[in-house]
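What follows is a short report on a single structure.
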Amino acid sequence: MMDLVVGVGDMKVSSDPGTVLATYSLSSCIGVAVYDPIVKVGGLLHYMLPESSLDGVKAKKNPCMFGDTGIPLLFKEAYKFGAKKGRLKVIVVGGAQILDQKGFFNIGKRNYTLLRKMFWKNNVMIDFEDVGGNVNRTMKLEIESGQAWLKVSSGGGLKKI
Amino acid sequence: MRDVERIIEGIDTLRPIAYVGDKVMKIVSNPDCSFAELADVIKYDQAMTANLLRICNSTYFGLRKKIASIKQAVAYLGIERVACLLMMGNSADNLKNAQEGYDLNEGELWRYSVSSALIAQDLAEKKHLSNIPLLFTAALLKDIGKVILNTYVQESFLDIIKTVQNRGLTFIEAEKEVIGIDHAELGAKVAERWNFSPAMVNIIRNHHNPDKAPSDDLSIPIVYLADCICMIMGIGVGSDGLAYRYYQDVVDRLHFSEIDLQKTIANFREKLRAVEELVDVSRGDW
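Protein chains in written order, with my numbering: chain A, 113 to 273; chain B, 888 to 1173.
In structure tokens, the structure reads:
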């Protein structure tokens, strides 16, 4: 199986059973994985900042940089592959913060708050999440089985979710 | 607790950049410095010159004309930038290897060092600070202590991480408590051994403790903030995670707003491909 790396501010959707979607170094950024077990389609998004209103031009050029443009795009792209919203398993990872990071500077928390609001509005349930804290995370998703993996910097290597 | 003196002896395993580093820093800290003086430092070193030109010609700098000499490099990029790039070309050997204790793969520490130095340079230019090469070099080399401490962190990782998790200490505080010395202090000792200026030693020593900077000093806050921005983006973040302290009052001293933070992150992402190329070229993977 081949790791298809999802870079920072990027997204990949695949139905290739030989592919494993992987994203590294999720600090304050958030990784969102979706998977439809019936059509065996999976997607992974790695967004950096909450809102695209920061810079409309950049958001248009690279919507996956922002949560409010990247999240809808991830779902829409998965639908193109035949995935159905009601069947999607949703995993959310990341949103870490530096110790004592408060207020607006806490990008990790803001990234997560935005996601919760969008999911609430659109009736999306999270099946598994590992967010916050002061750790760095790596996440993988196997397209064939839908098996997801998580590695947390505080130790232990890759573990099944 | 380890024998700290023995750990410090590890400095001798690094490839010294003392001669070039010291010379370059002295030249550019003089406001009347000339390109001839800078050229003098490297004119007999063909490898160093070739390395510098390769870096200048990377797409990051977006120069339309191919740079073929140090004179041209200074004309197009300015003497301060060329000094920064000389330091970059001479630092990769020490920073490019994997650091297993910090869970950083080959090239990750170098990628982080370059990114952090570029962000610090950008912040310093916006604040119109003088002596940007000093800041750039300090940001570039500030984690050199990790290269020496790496094996000790690997051996004591469980104790360090337990200290972080159970007692709310930062990773660097835990390094000091478990091993006897931390990577910032060790990095400062490297800078001292290489005869860098007290200002450089001070930035490296306090890059995680910017609250110790005098209130009129912006160099430590800038190098600190550049490090925080890298941490937020996940650049160079390994087994230490984000277990470092955030000082809002220090960031406020730079009048750096939330929008500034988000814009810096977005701008860096936009340049990412060019940065990656610069990282590779300067590492010697051409």
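The beta carbon of each residue, even a glycine, is placed where N, CA and C say it ideally should be. These figures come from a predicted structure and were not determined experimentally.
### Query
When the Cβ atoms of the region 956-964 of chain B are set against those of the region 982-994 of chain B, are three or more pairs found closer than 8 Å?
Too few Cβ pairs lie closer than 8 Å, so no.
### Task
Below 7 Å CB to CB, which residues in the same chain sit around residue 1173/B once its five sequence neighbours on both sides are set aside?
Residue placement at residue 1173/B cannot be trusted, given a pLDDT of 42 that sits under 50; the coordinates are not used to answer.
### Query
Got a sec? Which residues, its chain only, sit under 6 Å from residue 977/B by beta carbon, not counting five neighbours each side?
When the five nearest sequence neighbours on each side are left out, the beta carbons in the same chain lying within less than 6 Å of the beta carbon of residue 977/B are those of 904, 907, in order along the chain.
### Message
Under DSSP, the beta strand (DSSP E) around residue 148/A begins and ends at which residues?
### Response
From DSSP, the beta strand (DSSP E) with residue 148/A extends over 142-148.
### Task
Report the three-state DSSP secondary structure of residue 980/B (helix, strand or coil).
The answer is helix: DSSP assigns residue 980/B an H, G or I state.
### Query
Taking just the CA atoms, how far does residue 1158/B sit from residue 156/A?
Between the C-alpha atoms of residue 156/A and residue 1158/B there is a straight-line separation of about 22 Å.
### 7 Å Cβ cut-off: residues of chain B touching residue 239/A
Here the premise fails: no neighbours, minimum Cβ distance about 24 Å.
### Task
Could you tell me the boundaries of the beta strand (DSSP E) in which residue 195/A lies?
Bounds of any beta strand (DSSP E) do not take in residue 195/A, whose DSSP letter is neither H nor E.
#### Entry: Beta-carbon proximity of residue 1003/B to residue 982/B, cut-off 8 Å
With contacts defined as CB atoms closer than 8 Å, residue 1003/B and residue 982/B fail to qualify as a contacting pair.
### Message
DSSP three-state label for residue 260/A, please.
### Response
If DSSP states are grouped into helix, strand and coil, residue 260/A belongs with the strands.
### Query
Looking at the structure shown, is residue 1087/B part of a helix, part of a strand, or coil, going by DSSP?
Correct three-state label for residue 1087/B: helix.
#### Entry: Under the three-state DSSP convention, the category residue 1118/B falls into
Helix, per DSSP.
### Query
Where residue 234/A and residue 183/A are concerned, what is the direct C-alpha to C-alpha distance, given to the nearest angstrom?
Pairing residue 234/A with residue 183/A, the inter-Cα distance amounts to about 11 Å.
### Task
Ignoring anything shorter than 3 residues or poking outside the region 148-218 of chain A, list the beta strand (DSSP E) runs there in chain order.
Whole beta strand (DSSP E) segments, 3+ residues: 153-159, 201-206.
### Query
residue 267/A and residue 1048/B: beta carbons closer than 8 Å?
The answer is yes: Cβ separation under 8 Å.
### Task
Could you tell me which residues DSSP puts in a beta bridge with residue 251/A?
Its beta-bridge partners are 135/A, 262/A.
### Message
Under 8 Å, with one C-beta from each stretch per pair, do the region 1148-1168 of chain B and the region 1088-1108 of chain B reach the 3-pair mark?
### Response
The region 1148-1168 of chain B is not in contact with the region 1088-1108 of chain B.
#### Entry: Chain-order list of residues whose beta-carbon lies under 8 Å from that of residue 925/B (same chain, five-residue window excluded)
Listed in chain order, the non-local C-beta contacts of residue 925/B below 8 Å within the same chain comprise 911, 914, 915, 957, 961, 966, 969, 970, 973, local neighbours out to five positions each way being set aside.
### Query
Can you list, in chain order, the residues of its chain whose CB lies under 7 Å from that of residue 1171/B, leaving out five sequence neighbours each side?
Cβ within range, chain order: 979.
### Query
Apart from the five residues just before and just after residue 898/B, which ones in its own chain have a Cβ nearer than 7 Å to its Cβ?
1035, 1076, 1077, 1080.
#### Entry: Helix, strand or coil at residue 932/B according to DSSP, with G and I counted as helix
Assignment of residue 932/B by DSSP, reduced to helix, strand and coil, places it in the coil class.
### Contact belief for residue 133/A with residue 126/A at Cβ below 8 Å, rounded distance in angstroms
Yes, residue 133/A and residue 126/A are in contact; Cβ-Cβ is about 6 Å, under 8 Å.
### Query
Using the C-alpha atoms, what's the distance from residue 1065/B back to residue 1040/B?
Going by the C-alpha atoms only, they are around 9 Å apart.
### Task
Measure the Cβ-Cβ separation of residue 142/A and residue 206/A and say whether it is below 8 Å.
Cβ atoms of residue 142/A and residue 206/A: closer than 8 Å.
### Task
Taking only the alpha-carbon atoms, compute the straight-line gap between residue 271/A and residue 951/B and give it to the nearest angstrom.
Cα-Cα distance, rounded: 48 Å.
### Query
Bridge partners of residue 961/B, per DSSP?
DSSP lists no beta-bridge partner residue for residue 961/B.
### Task
Assign residue 160/A to buried or exposed, taking buried as 16 or more other Cβ atoms, counted over all protein chains shown, within 10 Å of its Cβ.
Buried, by the Cβ-count rule.
### Contacts around residue 196/A, its chain only, beta-carbon distance under 7 Å, and the 5 residues preceding and following it disregarded
Hits under 7 Å: 148.
### Task
Pull up the CB-CB distance for residue 1110/B and residue 1026/B, whole angstroms please, since I reckon it's below 8 Å.
Here residue 1110/B really is in contact with residue 1026/B; their C-beta atoms are around 5 Å apart, less than 8 Å.
### Query
For a contact meaning CB atoms closer than 8 Å, what does residue 217/A contact in chain B?
Contact note: residue 217/A reaches chain B through 1133, 1135, 1138, 1145, 1148, using a C-beta cutoff of 8 Å and chain order.
### Message
What does the Cβ neighbour count give for residue 939/B, buried or exposed, with the cut at 16 atoms within 10 Å?
### Response
Label assigned to residue 939/B: buried.
### Message
When you compare the CB of residue 990/B with every CB in chain A, is at least one pair closer than 8 Å?
### Response
Yes, because at least one Cβ of chain A sits closer than 8 Å to the Cβ of residue 990/B.
### Query
Looking at the C-beta of residue 845/B, does it have a partner C-beta in chain A at a distance below 8 Å?
Summary: the structure shown does not reach residue 845/B, with chain B confined to residues 888 through 1173, and so no result is reported for it.
### Beta-carbon proximity list for residue 238/A, same chain, < 8 Å, skipping 5 on both sides
Once the five neighbours on either side are set aside, the close Cβ partners of residue 238/A are 202, 203, 204, 231.
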